[in-house]
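S.K.: Have a look at this one before I ask anything.
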Amino acid sequence: EAGVVQSPRYKIIEKKQPVAFWCNPISGHNTLYWYLQNLGQGPELLIRYENEEAVDDSQLPKDRFSAERLKGVDSTLKIQPAELGDSAVYLCASSFRGAPGEQFFGPGTRLTVL
Amino acid sequence: TQLLEQSPQFLSIQEGENLTVYCNSSSVFSSLQWYRQEPGEGPVLLVTVVTGGEVKKLKRLTFQFGDARKDSSLHITAAQPGDTGLYLCAPQNRDDKIIFGKGTRLHILP
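These protein sequence lines are chains A and B, in that order. Residue numbering for the first sequence is 326 to 439, as defined by this note's numbering. Residue numbering for the second sequence is 575 to 684, as defined by this note's numbering.
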């Protein structure tokens, strides 16, 4: 069974440019999470979806970040415009049901903003 | 805002030694998960504990949830180089939010 797929794995952009990350969760998982992980830190939740509904986006900086999960399957996270402080690893995870089910994580996208 | 602390932040020990890492908070949690993360990969679930005082064993790893469900520990017996990684505790509070600690970075020297 395929795990959570994320692309790209690495992205280098200049500040003020837009960037998008894509996530395909495990088939059948209705809950999808986007996390941000800074170096030496634990993951911080940005947004959680139950099917296509964003049920927790309280930590998403909505002035520059947006996310969508139109058909309740794959999801896109966008940053526009990117800032130097956005450099981090962006992790996607999915679970069959909401917490406390096991979250399966993708390998992440490492973003570097120059 | 709940405070979640993992200690130590870093630990480097020789192969064969025993170690314990801790996850502490002032809040009561409904459950708690431990994950291990290796470089370039996402975290992988090791265990979920739900009941206060619960002890779970996974080969050489022993996990305990505090009686008051505010803290947890992970004990590794006879550590091996394959145990190297970032150990994250992730408690869940009563509104289903899961938060991750900053982790303990463990390095086992061969």
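Idealized CB from N, CA, C, for every residue including glycine. Since this is a predicted model, take the numbers as computed values, not measurements.
Could you name the residues of the same chain whose beta carbon sits closer than 6 Å to that of residue 400(A), not counting the 5 residues immediately before and after it, in chain order?
M.R.: Start at 1 with the first residue of the first sequence, and residue 400(A) comes out as number 75. The residues are 348, 357, 394.
S.K.: Could you please give me the residues that DSSP links to residue 315(A) through a beta bridge?
M.R.: Summary: the structure shown does not reach residue 315(A), with chain A confined to residues 326 through 439, and so no result is reported for it.
S.K.: Using 10 angstroms around the beta-carbon of residue 335(A), count the other beta-carbons present and answer buried if the total reaches 16, otherwise exposed.
M.R.: Stepping through the first sequence from its first residue, residue 335(A) is reached at position 10. It is exposed - the Cβ of residue 335(A) has fewer than 16 other Cβ atoms within 10 Å.
S.K.: If we define contact as Cβ-Cβ less than 8 Å, is residue 619(B) a contact residue for chain A?
M.R.: Sequence index remark: in the second sequence, residue 619(B) carries index 45 (1-based). It does: the Cβ of residue 619(B) has a partner Cβ on chain A nearer than 8 Å.
S.K.: Report yes or no: do the segment 587–599 of chain B and the segment 360–367 of chain A share at least 3 C-beta pairs separated by less than 8 Å?
M.R.: With contact defined as three or more Cβ pairs closer than 8 Å, the segment 587–599 of chain B and the segment 360–367 of chain A are not in contact.
S.K.: Determine the extent of the beta strand (DSSP E) in which residue 618(B) is found, giving its start and end residues.
M.R.: Within the second sequence, numbered from 1, the residue matching residue 618(B) stands at position 44. Run containing residue 618(B): 618–623, per the beta strand (DSSP E) assignment.
S.K.: To the nearest whole angstrom, what separates the beta carbons of residue 407(A) and residue 360(A), a pair I think is in contact under 8 Å?
M.R.: As a position in the first sequence, residue 407(A) is number 82, starting the count at 1. As a position in the first sequence, residue 360(A) is number 35, starting the count at 1. So it is not a contact: roughly 17 Å between Cβ atoms.
S.K.: I think residue 580(B) touches residue 677(B), with their Cβ atoms under 8 Å apart; what is that distance to the nearest whole Å?
M.R.: One-based indexing of the second sequence puts residue 580(B) at position 6. One-based indexing of the second sequence puts residue 677(B) at position 103. Between residue 677(B) and residue 580(B) the Cβ distance is about 6 Å, and since that is below 8 Å, they are a contact.
S.K.: Have a look at residue 405(A) and residue 416(A) and give me their C-alpha separation to the nearest angstrom.
M.R.: Reading the first sequence from its first residue, position 80 is the one you call residue 405(A). Reading the first sequence from its first residue, position 91 is the one you call residue 416(A). If you take the alpha carbons of residue 405(A) and residue 416(A), they lie about 18 Å apart.
S.K.: Assuming residue 637(B) contacts residue 623(B) (C-beta within less than 8 Å), just tell me the rounded distance between them.
M.R.: Reading the second sequence from its first residue, position 63 is the one you call residue 637(B). Reading the second sequence from its first residue, position 49 is the one you call residue 623(B). 6 Å between Cβ atoms; contact.
S.K.: Whose C-alpha, out of 329(A), 355(A), 371(A), is nearest the C-alpha of residue 672(B)?
M.R.: Here residue 672(B) refers to the residue found at position 98 when the second sequence is read from its first residue. For the residues 329(A), 355(A), 371(A), the minimum Cα distance to residue 672(B) belongs to 371(A).
S.K.: I want to verify the contact list: residues of chain B whose CB lies under 9 Å from the CB of residue 427(A), in sequence order.
M.R.: The residue you call residue 427(A) lines up with position 102 of the first sequence. Those within 9 Å of residue 427(A) in chain B are 607, 619, 622.
S.K.: At 7 Å on the CB atoms, spell out the chain A contacts of residue 615(B), in chain order.
M.R.: Residue 615(B) sits at position 41 when you count from the first residue of the second sequence. The answer, in chain order, is 432.
S.K.: Buried or exposed for residue 434(A), going by 16 or more other Cβ atoms inside 10 Å?
M.R.: Within the first sequence, numbered from 1, the residue matching residue 434(A) stands at position 109. Residue 434(A) should be labelled buried.
S.K.: Consider the Cβ of residue 416(A): report whether some Cβ of chain B lies at a distance smaller than 8 Å.
M.R.: Reading the first sequence from its first residue, position 91 is the one you call residue 416(A). Taking Cβ atoms only, chain B reaches closer than 8 Å to residue 416(A), which makes this a yes.
S.K.: Only counting the same chain, and skipping five residues up and downstream in sequence, which positions put a Cβ closer than 8 Å to that of residue 605(B)?
M.R.: Along the second sequence, read from residue 1 onward, the residue named residue 605(B) stands at position 31. Cβ within range, chain order: 622, 623, 624, 665, 666.
S.K.: Looking at C-alpha atoms only, which residue of 431(A), 432(A), 390(A) is the closest neighbour of residue 342(A)?
M.R.: Position 17 of the first sequence, counting from 1, holds the residue named residue 342(A). Ranking 431(A), 432(A), 390(A) by Cα distance to residue 342(A) puts 390(A) first.
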